[in-house]
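Undergrad: Residue numbers (my numbering), protein chains in the order written: chain A, 18 to 618; chain B, 18 to 618. Yeah, the Cβ is synthetic: ideal placement off N, Cα and C, and Gly gets one too. Computed from a prediction, not measured in an experiment: that's the story for all the values here.
2 protein chains.
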Amino acid sequence: MNDTHSAIMTAMTLDEATWLMDTALGRRPADLAIVNANLVNVYTGEILPNQGVCVSGRWIAYTGEDPRTSIGRETRVIDAAGKTVIPGLIDGHTHISNPCLPSEFLRYVMKGGTTSLIAEMMEPYPVAGIDGAIDFAEALGDQPIKIFTTMPAMVSISHACRGIALDDLRILADRPETVGIGESYWQAVIQSPEVYLPALLETRRRGMVLEGHTAGASTRKLQAYTAMGITSCHEPVKPMEVLERLRLGVNVMLREGGVRKDLEVLAGILETGVDLRRVSVCTDSVAPDDLVSNGYLECVVQKAIDCGFAPMDAIRMATLNVAEHFHLDHLIGGIAPGRYADLVVIPDIRTIRAEWVVSNGRVIAEKGRLLIQPRRHPFCEASLSTIHLPRRMEAADFDVASPAKGPRVRVRAMEMVTDLVTAERRLDLPVAEGRISADPQKDIVKIAAIDRRITPGKTFTGFIKGLHMTHGAVAISAAWDSTDIIVAGANEDDMATAVNRILDLQGGFVICAGGRVVEEISLPVFGYMSLEPIETVAEKLNRMARVIREMGVTFPDPALSFVTLTGAAIPYLRICEEGYVNLKDGLTGGLFPDDSGEGEH
Amino acid sequence: MNDTHSAIMTAMTLDEATWLMDTALGRRPADLAIVNANLVNVYTGEILPNQGVCVSGRWIAYTGEDPRTSIGRETRVIDAAGKTVIPGLIDGHTHISNPCLPSEFLRYVMKGGTTSLIAEMMEPYPVAGIDGAIDFAEALGDQPIKIFTTMPAMVSISHACRGIALDDLRILADRPETVGIGESYWQAVIQSPEVYLPALLETRRRGMVLEGHTAGASTRKLQAYTAMGITSCHEPVKPMEVLERLRLGVNVMLREGGVRKDLEVLAGILETGVDLRRVSVCTDSVAPDDLVSNGYLECVVQKAIDCGFAPMDAIRMATLNVAEHFHLDHLIGGIAPGRYADLVVIPDIRTIRAEWVVSNGRVIAEKGRLLIQPRRHPFCEASLSTIHLPRRMEAADFDVASPAKGPRVRVRAMEMVTDLVTAERRLDLPVAEGRISADPQKDIVKIAAIDRRITPGKTFTGFIKGLHMTHGAVAISAAWDSTDIIVAGANEDDMATAVNRILDLQGGFVICAGGRVVEEISLPVFGYMSLEPIETVAEKLNRMARVIREMGVTFPDPALSFVTLTGAAIPYLRICEEGYVNLKDGLTGGLFPDDSGEGEH
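This is the structure in structure tokens:
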């Protein structure tokens with residue numbers, strides 16, 4: 018066995034070890050001590066009164082009833098005055114890809130008491146390649162809290178960016194913050210094992226974790242997938258789905274975040290009485306507005322308590338249970354000597370509100386105020402130049418030629434069934450001058466996916482029903498699981514204008530109407546992150562959502578509805594630059610019922 | 018992160034993965050299936066009725082109520098007929114050094130239902146170097162069950178073999194079966210951090226586990242030690258010691274084996290009501306007679322149930338809890354798709370008696386009969402030639418010159434307080450012709466430690482009280498934590514004869530009286546393993562124990578009492594070729610109260 022995960026993060030130096038030993042023995046004063054606390058011992062399940070925690074550098078040196086022996090004049094002492102100290106919270110599955118810089122996102126994550134994240138890498142990799150992925154990983158490194166990463170499994174409906182290249186996997190796997198491979202959607206793995214298994218097996222061979230995504234899977238298909246070594250899933254939406262996965266040895270992360278909020282329903286697992294040691298909570302991402310207005314993982318833990326989980330279990334679901342799943346429990350997830358000094362003082366075990374947050378031995382927040390700012394990373398050229406088109410788009414690029422001469426033609430189309438789920442529909446559309454027209458008055462508009470990196474400009478234009486868009490166009494360069502810009506429009510001129518604006522901005526979310534840009538947010542980092550403060554981004558996104566609603570679109574988070582149209586795990590009909598893809602069979606198809614879909618641009 | 022633990026053991030091939038997926042999906046018949054079983058689900062804590070387990074090659078493909086879909090004509094089907102299936106048992110801490118070959122030891126381990134061991138490597142390394150250690154690791158590889166290893170921390174009271182060389186550690190750490198570094202005794206680490214910390218920190222840097230040994234440690238010293246990253250201990254002998262360690266995030270292994278049997282007392286931990294998820298059981302080694310007569314880890318699990326542990330907890334203590342501690346829970350420790358097919362069918366959850374044992378997908382034992390034999394390893398020259406002396410010993414080699422001229426002289430001596438624990442005593446001994454005499458009639462005999470490898474022939478001779486040895490000599494080359502032969506005798510001629518016989522045998526346990534060998538067992542592998550069948554070894558050891566008892570020694574396991582005299586973790590006065598060592602301060606001293614001990618040969 019060679020170096021393993023988190024070498025840099027874990028490497029305790031000989032000096033540190035010696036200081037730590039001396040502090041524990043009372044020979045050297047602690048750098049920091051929390052005294053007079055109720056200590057939540059996640060290992061035993063006890064709440065121990067009158068405890069102290071002594072810290073040497075980044076590490077916990079001592080916990081117990083006699084912290085005074087390790088306290089000297091230089092020791093910073095926090096008197097918890099009977100409040101409760103818990104381990105720093107760990108989000109086991111998140112995406113730092115909502116349209117803010119990591120340094121902006123972290124401001125709100127940190128002050129709530131989250132001190133470790135396990136972050137997906139699937140967003141930067143397809144749009145900026147291995148250089149961009151490394152740049153992203155470096156943006157997450159050397160922050161006041163620890164960010165571990167999972168390598169992108171790169172499930173995509175587009176053949177162009179399917180599966181991480183093994184050479185790239187090896188580069189990322191050797192990095193110290195890498196703990197495994199990120200979510201691989203089950204259907205794709207079963208439908209195309211030859212594409213995805215090599216990376217999963219290589220990760221497994223290295224003893225790293227394989228994160229799962231089993232939305233909707235059950236019985237044999239679920240087992241065929243988990244048998245590959247998948248040991249987590251954050252997708253259950255019913256208590257019985259939680260139970261089925263737990264029985265298969267899968268660590269289930271109950272999701273409560275920007276994409277879905279499942280905790281209230283999933284608290285039904287309590288009725289089964291099963292052991293919760295392999296149950297965690299995660300956010301799976303939190304939208305900027307929610308993050309700024311409400312907070313991060315601390316809200317999820319509070320909600321778990323409010324939904325009926327015992328406070329000890331709720332806290333373990335965001336600490337020890339997560340650490341154990343990732344095989345990081347020797348480093349994080351509990352308060353004990355030799356673990357990172359990641360500590361949160363809260364009023365009491367039922368009230369998850371951070372009064373002090375200690376991360377890597379430093380007090381990073383106090384009473385909701387951030388004391389140490391996250392580091393702002395200077396992103397490299399590979400990350401900042403990700404919108405590649407061979408030329409500016411024109412309205413005619415979105416023309417769809419009819420294969421037949423009649424006045425109407427039958428086409429395959431997407432229909433929004435919910436704000437995220439789509440179905441495949443056949444629609445009879447009018448043909449004028451050989452071109453098939455959308456019909457906004459009947460709630461049918463055009464939807465196009467344009468590759469911005471691998472085959473720049475390659476475009477597939479289809480039709481979508483259920484957006485209720487009456488006019489204008491919306492384009493966004495943050496389309497999921499792909500290298501695409503996604504644009505929906507009642508009008509081809511507006512579609513071209515919106516995409517061209519994204520090209521000029523090198524990434525953005527743009528609303529056009531009447532041939533001009535109505536609202537926009539620039540997303541120049543990877544085409545999905547803004548350089549602005551998170552509060553500004555949240556406000557802009559809210560304003561843009563209002564404008565889109567004024568265009569007729571009724572969905573609660575219109576941007577999410579658009580970017581997920583390319584997503585490889587949201588049922589059922591999806592779109593990419595190669596055509597439509599029905600996730601039931603994974604096959605790519607074109608606009609016409611008997612068409613393969615290739616060449617539709 | 019590069020390759021991690023158990024690369025060879027875990028490497029699932031693409032073919033295997035494809036077969037596994039196909040078997041789960043019902044497209045390819047399982048190789049083996051167990052049907053009509055109550056399945057003990059260690060993940061949820063449930064016992065699920067009417068379950069089947071389908072196996073493809075080495076791996077579990079499916080578990081659930083519908084195994085038939087994966088069963089074909091070629092599938093071997095075991096009808097459990099309502100019996101109970103549990104995961105293969107895992108011994109988290111054992112020494113495969115009792116005087117039998119691994120292939121002999123495994124015969125009895127396997128048929129009881131143990132399918133994974135984590136074995137120490139501290140015995141072969143000092144006496145046969147890195148070549149011997151690798152040879153030993155290879156003897157443990159490619160067996161019908163999985164044997165993971167921990168690298169030797171090499172705590173020794175002798176300066177000559179203290180601490181594993183970092184170059185050797187790196188060689189072992191890169192091996193696929195290595196999961197961590199073995200037990201490092203806490204006193205030594207705190208007394209000599211400069212010797213032991215580099216290896217502990219290098220192991221920690223690699224993300225591997227650091228096994229602990231905290232006998233007698235408490236509060237600050239215990240914390241100073243565990244702060245180095247130590248995450249297990251198998252040494253508690255009182256329930257409150259278990260609790261203190263659990264609170265520090267230490268995985269406590271309750272020991273029930275050849276050295277001590279602590280389970281009955283430690284079951285007192287149940288009264289505290291603390292969570293048992295980080296509690297395991299282990300044997301720490303089992304003597305041949307016990308192994309042959311009673312069995313192995315299955316007896317420990319049974320005893321845990323008999324002592325009041327809930328059967329589910331008892332089984333977890335030898336499966337999931339152990340696997341999680343070693344970060345091997347994605348591979349072993351539970352019955353789920355993608356885990357190794359390690360399964361034991363038992364009558365019911367309260368009766369731990371293996372009716373079928375499946376390991377790596379093969380039925381290795383049925384109703385107490387072994388179906389697949391362990392592999393007998395051909396040990397290499399480095400392992401077979403480990404007794405190095407510059408010349409044959411003579412009686413005069415054990416003479417002890419008096420530093421003074423009087424008829425009596427005061428010396429430091431060991432006194433046996435129990436069969437294992439010693440104390441330091443001052444004794445006034447007679448001097449004749451300038452030489453200090455033992456006094457068997459007053460229960461004082463000579464005790465000598467002779468280096469057999471690093472400084473061949475280097476000898477320290479002291480005195481010991483409490484053996485009750487009336488005549489003759491006993492020598493053994495299996496002395497713990499050292500490179501020494503240990504010899505005790507009422508007579509210097511017998512001492513020399515016994516040691517010379519060990520030289521001739523290249524390892525052994527020899528009893529001499531009246532100038533000739535009375536009983537012996539040859540231990541030619543590393544000087545501590547016999548080539549004979551385990552039943553023969555058990556019988557010989559019993560016979561030798563009887564002979565030693567006839568010589569006056571009353572201890573239950575006299576061989577154990579002798580070999581532990583060099584042990585670096587058994588209080589308090591120990592002996593090695595450099596002199597006496599008092600473990601309270603770790604200092605080496607000589608025969609006379611103000612003597613440094615060096616040069617006493």
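Can you tell which of A:V206, A:A585, A:I565 and A:L123 has the C-alpha that lies nearest to the C-alpha of A:H394?
TA: Out of A:V206, A:A585, A:I565 and A:L123, A:L123 has the C-alpha closest to the C-alpha of A:H394.
Undergrad: Can you list, in chain order, the residues of the segment 53 to 81 of chain A whose Cβ is nearer than 8 Å to any Cβ on chain B?
TA: Result list: N58, Y60, T61, G62, E63, L65, W76, I77, A78, Y79, T80 and G81.
Undergrad: Are any of the Cβ atoms in chain A nearer than 9 Å to that of B:T21?
TA: Because the pLDDT of B:T21 is 39, which lies under 50, any placement of that residue in the model is unreliable, and the number read from its coordinates should be weighed accordingly. Chain A contact via Cβ: present.
Undergrad: Roughly how many angstroms separate the alpha carbons of A:A41 and A:V102, rounded to a whole number?
TA: Approximately 19 Å between the Cα atoms of the pair.
Undergrad: Could one say the Cβ of B:A216 lies closer than 9 Å to chain A's Cβ atoms, at least one of them?
TA: False, the Cβ-Cβ gap to chain A never drops below 9 Å.
Undergrad: Provide the residue span of the beta strand (DSSP E) that contains B:Q68, from first to last.
TA: Per DSSP, B:Q68 belongs to the beta strand (DSSP E) from E63 to S73.
Undergrad: Closest to A:R44 by CA distance: which of B:G197, B:T131 and B:A241 is it?
TA: When only C-alpha atoms are compared, the closest one is B:A241.
Undergrad: State buried or exposed for A:D346, treating a residue as buried only when at least 16 other CB atoms are found within 10 Å of its CB.
TA: Flag for A:D346 reads buried.
Undergrad: Going straight from the alpha carbon of A:R90 to that of A:E398, what length do you get?
TA: For A:R90 and A:E398, the distance between alpha carbons rounds to 49 Å.
Undergrad: Look at B:P66 and B:T336 and say whether their C-beta atoms are less than 9 Å apart.
TA: For B:P66 and B:T336, no; Cβs fall outside 9 Å.
Undergrad: Is the number of C-beta pairs between the segment 480 to 499 of chain A and the segment 522 to 540 of chain A that are closer than 8 Å three or more?
TA: Taking 8 Å as the limit for Cβ pairs, the verdict is that the segment 522 to 540 of chain A does touch the segment 480 to 499 of chain A.
Undergrad: What is the C-beta distance between B:R443 and B:P610, in whole angstroms, given that I count them as a contact (C-beta under 8 Å)?
TA: So it is a contact: roughly 7 Å between Cβ atoms.
Undergrad: Can you look up A:R619 in the DSSP assignment and give me helix, strand or coil?
TA: Limits of chain A in this structure are 18 at one end and 618 at the other, which puts residue 619 of chain A out of reach.
Undergrad: Can you check whether the CB of B:G199 is closer than 9 Å to the CB of B:A170?
TA: Their beta carbons are under 9 Å apart, which means B:A170 touches B:G199 by this criterion.
Undergrad: When the distance is taken between beta carbons, is A:D301 closer than 9 Å to A:H112?
TA: The answer is yes: Cβ separation under 9 Å.
Undergrad: B:Y597 by DSSP, collapsed to three states: which one?
TA: Reduced to three states, the DSSP call for B:Y597 is strand.
Undergrad: Quick one: Cα of A:R427 to Cα of A:S402, how far?
TA: Whole-angstrom Cα-Cα distance: 39 Å.
Undergrad: Taking 9 Å as the CB-CB cut-off, is A:H230 touching chain B?
TA: False, the Cβ-Cβ gap to chain B never drops below 9 Å.
Undergrad: How would you call B:A54, buried or exposed, if buried means at least 16 neighbouring beta carbons within 10 angstroms?
TA: B:A54 comes out buried.
Undergrad: Sorted by chain position, which residues of the same chain lie with C-beta nearer than 7 Å to B:Y545's C-beta, five sequence neighbours on each side aside?
TA: Closer than 7 Å at Cβ, skipping near neighbours: S114, P116, E140, S494, A495 and G524.
Undergrad: Please identify, using Cβ separations under 8 Å, the residues of the segment 422 to 434 of chain A that lie next to chain B, in order along the chain.
TA: Listed in sequence order: no entries.
Undergrad: Compute the distance between the beta-carbons of B:S201 and B:F165, then report whether it is under 9 Å.
TA: It is not a contact, given that the beta carbons lie outside the stated cut-off.
Undergrad: Using the three-state DSSP reduction, which class does B:M431 fall into: helix, strand or coil?
TA: Of the three classes helix, strand and coil, the one that applies to B:M431 here is strand, per DSSP.
Undergrad: Between which two residues does the alpha helix (DSSP H) holding A:I147 run?
TA: Run containing A:I147: P141 to L157, per the alpha helix (DSSP H) assignment.
Undergrad: Under a CB-based cut-off of 9 Å, is B:E341 close to chain A?
TA: With 9 Å as the cut-off, B:E341 counts as an interface residue toward chain A.
Undergrad: Is any beta-carbon of chain A found at less than 9 Å from that of B:M512?
TA: It does not: the Cβ of B:M512 has no partner Cβ on chain A nearer than 9 Å.
Undergrad: Which two residues bound the contiguous alpha helix (DSSP H) that contains B:C316?
TA: From DSSP, the alpha helix (DSSP H) with B:C316 extends over L314 to D323.
Undergrad: What does DSSP give as the partner residues of A:T231 in its beta bridges?
TA: Note: A:T231 sits in no beta bridge, so no partner.
Undergrad: Using a Cβ-Cβ cutoff of less than 8 Å, which residues in the same chain neighbour A:I64 once the five nearest sequence positions on both sides are dropped?
TA: Excluding sequence neighbours, A:I64 sits near N55, L56, V57, N58, T101, M329 and I366.
Undergrad: Count the C-beta pairs between the segment 252 to 262 of chain B and the segment 219 to 236 of chain B that are closer than 8 Å, then say yes if the count reaches three, no if not.
TA: Yes, the segment 252 to 262 of chain B is in contact with the segment 219 to 236 of chain B.
Undergrad: I'd like to confirm the pairing. Which residues does DSSP put opposite B:V17 in its beta bridges?
TA: Given a span of 18 to 618 for chain B in the structure shown, any question on residue 17 of chain B remains unanswerable.
Undergrad: Measuring only the C-alpha atoms, how far is A:T476 from A:S499?
TA: Answer to the nearest angstrom: the Cα atoms are 13 Å apart.
Undergrad: For B:R237, I'd like the list of residues in its chain whose CB is within less than 8 Å of its CB, leaving aside the five on either flank, ordered along the chain.
TA: So no residue of the chain qualifies.
Undergrad: Could you tell me the distance, in whole angstroms, from the CA atom of B:I587 to the CA atom of B:E258?
TA: Going from the Cα of B:I587 to the Cα of B:E258 covers about 17 Å.
Undergrad: Here's the rule: buried if 16 or more other CB atoms are within 10 angstroms of the residue's CB, otherwise exposed. What is A:D184?
TA: Exposed, by the Cβ-count rule.
Undergrad: On the three-state DSSP scale, how would you describe A:H110?
TA: DSSP places A:H110 in strand when its eight states are reduced to three.
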